[in-house]
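See below:
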């Protein structure tokens with residue numbers, strides 16, 4: 001399985017292009033047909049259509065159905081997605097929730113009132129499902145995406161004639177690197193923008209990797225200034241270190257009760273923060289205070305920043321997007337004399353690193369009276385023998 005997938009959006013990005021590129025990598029179309037049936041999308045014909053752009057061969061997912069672009073709310077889309085495998089449903093649900101939030105901001109309404117028009121039709125649901133299910137087929141590699149080319153001009157849609165890039169696309173691509181496209185045409189669709197801004201771990205140049213395979217997806221139009229294609233490159237990153245992006249949310253607090261700090265940290269962790277911490281700080285006029293730090297996935301940054309404003313006494317927060325390097329890790333279970341226990345296993349260039357879960361060590365130590373260090377030593381030895 002590849003551990004990295006690079007999306008070269010050289011000619012733009014749309015749902016049918018990205019799905020077509022996965023099919024070109026070898027993902028079986030029959031798997032997608034089975035998922036469409038599971039979602040209850042009857043009378044839908046799916047084909048991997050060969051298209052040509054500037055004499056380059058590509059595949060495009062073609063969806064043909066009897067349905068004529070119905071209006072759906074987010075809850076209706078999620079009802080279809082809930083019938084998918086759990087990991088695919090979760091990823092696709094995040095894409096549509098992000099899309100609904102962008103549409104809500106554009107129209108100045110609540111998310112629950114958003115009517116999906118083009119992006120709520122069967123073909124958009126299939127495109128999002130296809131991309132998420134194709135990533136699952138690849139083993140959920142780390143996703144790195146090139147800067148996105150944005151054309152200008154106008155596009156006709158259910159809301160009438162709108163400027164390009166489409167308003168929802170601009171809302172979705174906040175913080176994402178983009179570049180100009182020298183033609184008046186739509187290069188990045190709302191579906192493509194939602195998929196990439198939600199699921200990509202990082203945007204930037206091609207990472208160092210051993211190239212294994214390339215899939216080429218093509219769009220429905222012929223590009224004026226270049227081929228309307230997106231290329232997916234799969235491979236293995238050489239250093240064994242995973243990379244992604246996160247957002248650091250920081251504020252300084254000098255008027256909050258110390259006993260309330262752990263409660264705020266717990267609330268943020270339960271809301272999806274990657275980490276949350278507080279450190280003592282000497283502030284202006286010699287006042288003692290706290291430096292409050294939260295690490296968030298980019299798509300959750302605004303939500304968690306709002307939660308910091310709600311759960312602490314700060315009047316403002318600072319947000320900074322940054323790269324992160326992490327070791328690959330997994331959790332295994334060992335059968336110990338005191339019952340099952342979880343061990344976190346991280347991979348380094350010098351071999352595995354083992355760390356028993358602190359909650360399990362504490363529970364065993366409390367139950368048996370053994371010193372935590374002794375329990376940790378025994379669990380580590382059992383895990384090493386199991387690997």
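Numbering (full-length UniProt numbering), first residue to last: 1 to 387.
Even glycine gets a Cβ: it sits at the ideal position worked out from N, Cα and C.
Exercise for review: With a threshold of 16 other CB atoms inside 10 Å of the CB of residue 356, please say whether the residue is buried or exposed.
Suggested key: buried
Check your understanding: Among all the DSSP beta bridges, which residues are the ones paired with residue 82?
Key -> Looking at the DSSP assignment, residue 82 forms no beta bridge with any residue, so it has no partner.
Practice item. Determine contact between the segment 190–209 and the segment 166–179, defined as no fewer than three beta-carbon pairs at a distance below 8 angstroms. Key: yes
Check your understanding: Got a sec, what are the start and stop residues for the alpha helix (DSSP H) residue 254 sits in?
Key -> Looking at the DSSP string, residue 254 is not in any alpha helix (DSSP H), and its letter there is neither H nor E.
Exercise for review: Confirm, please, whether the CB-CB distance from residue 116 to residue 77 is below 9 angstroms.
Suggested key: yes
Review point. Expressed to the nearest angstrom, what Euclidean distance is found between the alpha-carbon atoms of residue 56 and residue 223?
Key: 12 angstroms
Exercise for review: At 3 residues or longer, and completely inside the segment 261–322: list those beta strand (DSSP E) runs for me, N to C.
Suggested key: 275–282, 288–296
Review point. Looking only at C-alpha atoms, which of 316, 345, 175 sits nearest to residue 200?
Key: 175
Check your understanding: Rounded C-beta distance between residue 202 and residue 243? I'm assuming under 8 angstroms.
Key -> 6 angstroms
Point to revise | Same chain, Cβ closer than 7 angstroms to residue 317, five either side skipped, listed in chain order | key: 249, 250, 251, 305, 308, 309
Exercise for review: Could you tell me which of 48, 311, 22, 236 sits nearest to residue 267, measuring between CA atoms?
Suggested key: 311
Review point. What are the boundary residues of the alpha helix (DSSP H) that includes residue 31?
Key: 29–38
Review point. Which residues mark the beginning and the end of the alpha helix (DSSP H) in which residue 408 is found?
Key: Here the chain comprises residues numbered 1 to 387, so residue 408 is not present and cannot be evaluated.
Review point. Given 8 angstroms as the limit, is there contact between the segment 211–228 and the segment 259–278, that is, 3 or more CB pairs closer than that?
Key: no
Practice item. Mark residue 145 as exposed unless 16 or more other C-beta atoms lie within 10 angstroms of its C-beta, in which case mark it buried. Key: buried
Point to revise | Per-residue DSSP class, three states only, for residue 335 | key: strand
Review point. In three-state terms, what does DSSP make of residue 375?
Key: helix
Point to revise | the segment 1–11 in contact with the segment 131–143 per 3-pair CB rule at 8 angstroms | key: yes
Review point. Between 280, 228, 269, which lies nearest to residue 253 when the distance is taken from Cα to Cα?
Key: 280
Practice item. Would you mind working out which of 188, 257, 62, 97 sits nearest residue 288, comparing C-alpha positions? Key: 257
Review point. Is the Cβ-Cβ distance between residue 332 and residue 387 less than 9 angstroms?
Key: yes
Point to revise | residue 278 to residue 290 span [Cα, whole Å] | key: 6 angstroms
Practice item. Assign residue 93 to buried or exposed, taking buried as 16 or more other Cβ atoms, counted over all protein chains shown, within 10 Å of its Cβ. Key: buried
Review point. To the nearest angstrom, how far is it from the Cα of residue 230 to the Cα of residue 155?
Key: 21 angstroms
Review point. Just the Cα atoms here: how many angstroms apart are residue 185 and residue 13?
Key: 12 angstroms
Review point. Is it buried or exposed for residue 109, if we count other Cβ within 10 angstroms and need 16 for buried?
Key: exposed
Point to revise | With 16 other Cβ atoms within 10 Å as the buried cut-off, status of residue 86 | key: exposed
Exercise for review: Determine the extent of the alpha helix (DSSP H) in which residue 192 is found, giving its start and end residues.
Suggested key: 190–199
Exercise for review: Just mark residue 128 as buried or exposed, buried being the case when its beta carbon has 16 or more other beta carbons within 10 Å.
Suggested key: buried
**Study point:** CB contact flag (residue 190, residue 99, <9 angstroms)
**Key:** yes
Review point. According to DSSP, which residues form a beta bridge with residue 346?
Key: 329, 353
Review point. Does DSSP put residue 202 in a helix, in a strand, or in coil?
Key: strand
**Study point:** Pair within 9 angstroms by beta-carbon distance, residue 148 and residue 21
**Key:** no
Review point. Whose C-alpha, out of 48, 73, 183, is nearest the C-alpha of residue 28?
Key: 48
Check your understanding: How big is the Cα-Cα spacing for residue 123 and residue 64?
Key -> 8 angstroms
Review point. Can you list the alpha helix (DSSP H) stretches of 4 or more residues lying completely in the segment 101–179, in chain order?
Key: 122–137, 167–172
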